[in-house]
Amino acid sequence: MSRADLLVSLVKAGSQGDQQLLRTTVEAMAAEERAKHHHQLADRLVQNLGSAKSSPRSVEVVRSFDGGHGGLLYEVDPRRTLDSLLLNETVLTACRELVEEQHRKDLLRSYGVEPRHRVLLSGAPGNGKTSLAEALAAELMVPLFVVRYEAVIGSFLGETSGRLKRLFDFVRTHQCVLFFDEFDTLGKERGDTHETGEIKRVVSSLLLQIDALPSHVVVVTATNHAELLDRAVWRRFQLRLALPEPTVAQKEEWFVRLQKRLDAPLGITPKTLASKLKASSFSDLEQFCEDIQRRYVLALPAANLKRIIVERLKQWQTRFTIDQ
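No gaps in the numbering here: position 8 of the sequence shown is 35 in this note's numbering, and each next residue is one more.
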């Protein structure tokens with residue numbers, strides 16, 4: 028909402044005694060102030076939500092988060108951008124549209140429309156799901172908060188749902204990207220006969236919390252096993268993007284970028300390299316190029332880049348033979 032709309036909502040909530048509207052409005056105002064780096068004011072807004080029971084819990088999450096011990100989240104400094112990733116055109120266009128909607132949310136809201144803010148990423152490990160969440164945070168210029176499952180999942184009845192509520196109470200007062208990696212850990216199919224009633228309650232609680240998130244919180248979830256997700260999970264996400272393995276053309280582009288970064292000829296054409304390297308993921312590509320870069324730097328000033336690449340290729344061919 029615009030500042031004027033927030034003030035009107037605040038007055039309306041106060042005059043009507045609408046606690047839910049009051050909470051939603053104050054959370055939006057706190058998120059706006061945090062985006063302006065007015066953290067003390069944002070904290071005061073959250074702490075003074077009156078008799079609302081979740082205020083102390085929100086403060087507790089912030090404290091444990093800032094201390095770095097036992098927190099439900101940890102913050103990642105986003106350094107990747109959409110341009111730094113090799114995404115197919117469909118995924119790139121969808122992500123750029125989401126970023127534009129978030130940046131121009133006031134215009135959308137003036138027409139009664141909210142920006143999209145729920146994203147589900149699926150695909151094999153190592154193909155950029157975490158990197159894409161980081162890039163979205165960088166493009167939106169907001170913090171990236173990553174969920175710590177070891178802190179969220181409890182062993183006692185109702186404990187996990189309670190912690191999830193604390194987590195969502197915290198993020199609602201921040202403009203941020205909230206990232207759930209390996210989302211199938213929490214979002215499993217409720218019809219699975221092997222799952223307990225507690226897991227089913229957790230999934231229900233999680234879906235309700237996601238539904239209640241304001242649009243200034245961009246929630247990004249990632250899974251390597253889309254088939255395990257509850258069917259109701261899919262409906263919650265406005266963007267459902269599959270991240271496939273790198274194509275030969277994308278591998279070639281990766282080596283073109285490596286050549287520019289090293290500012291030296293590779294001695295082997297990027298096209299030839301792309302066809303020879305048996306890398307099945309972007310993570311493999313990144314490791315291979317970093318390996319080359321390390322050996323190249325250590326061999327300076329007499330480095331023979333072509334020889335280094337040939338040696339690395341031989342090692343990687345052996346590696347993939349062993350893996351198979």
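Note that beta-carbon positions come from the ideal geometry of N, C-alpha and C, so glycine has one too.
Nothing here was measured: the structure is a model prediction, and the numbers come from that model.
Residue span of the beta strand (DSSP E) that contains residue i, given as start and end
i	result
A165	No beta strand (DSSP E) contains A165, which is instead part of the alpha helix (DSSP H) from 156 to 167.
R131	Unbroken run through R131: none, as it is neither H nor E.
V73	Per DSSP, V73 belongs to no beta strand (DSSP E); it is in the alpha helix (DSSP H), 66 to 74.
E102	100 to 103
F206	203 to 207
Residue closest to residue i, alpha-carbon to alpha-carbon, out of the options
i	options	result
F264	K278, I237, V275	I237
E166	R199, E127, K305	E127
E280	A269, S302, A239	S302
R50	L119, L34, H64	L34
E124	K278, L289, L266	L266
C203	V140, A164, V283, V260	A164
A121	D311, L327, L268	L268
N75	L312, K227, T200, V247	T200
F183	Q129, E225, L285, N251	E225
F210	E116, S149, D196, R143	S149
G98	I180, A329, I336	I180
P142	I336, L240, T299	L240
D318	A57, S307, S308, I335	I335
Reduced DSSP secondary structure (H/G/I, E/B, other) of residue i
i	result
G177	The sequence shown places Glu at residue 177, not Gly. Helix.
A269	strand
V306	Here residue 306 turns out to be Ala, not Val, going by the sequence shown. Coil.
A259	helix
F315	helix
L114	coil
C107	The question names Cys, but residue 107 is Arg in the sequence shown. In this structure, R107 counts as coil in the three-state DSSP scheme.
S182	coil
T274	coil
L234	helix
K63	coil
L285	helix
L240	coil
Residue i CB to nearest heavy atom of the ligand GTP below 8 Å
i	result
F183	Only the bare structure without any ligand can be found here, which leaves the ligand GTP out of the picture.
Beta bridge counterpart(s) of residue i as assigned by DSSP
i	result
R145	V246
F172	E102, L205
Start-to-end residues for the alpha helix (DSSP H) that takes in residue i
i	result
T187	186 to 198
E254	Counting along the chain, E254 falls outside any alpha helix (DSSP H), and DSSP gives it neither H nor E.
V140	Run containing V140: none; DSSP gives neither H nor E here.
At least three beta-carbon pairs within less than 8 Å, the segment 150 to 165 to the segment 112 to 125: With a cut-off of 8 Å, the segment 112 to 125 and the segment 150 to 165 count as touching, because enough Cβ pairs lie within range.
The segment 168 to 179 / the segment 269 to 289 touching (three or more Cβ pairs under 8 Å): No: fewer than three Cβ pairs fall under 8 Å.
The segment 276 to 296 touching the segment 324 to 340, judged by at least three CB pairs closer than 8 Å: Output reads yes: the segment 324 to 340 touches the segment 276 to 296.
Stretch-stretch touch, CB-based, cutoff 8 Å, three pairs: the segment 226 to 242 with the segment 177 to 188: Contact between the segment 226 to 242 and the segment 177 to 188 is present: 3 or more CB-CB pairs across the two stretches fall below 8 Å.
Three or more C-beta pairs below 8 Å linking the segment 317 to 330 and the segment 283 to 291: In this structure the segment 317 to 330 lies against the segment 283 to 291, because at least three pairs of beta carbons, one per stretch, are closer than 8 Å.
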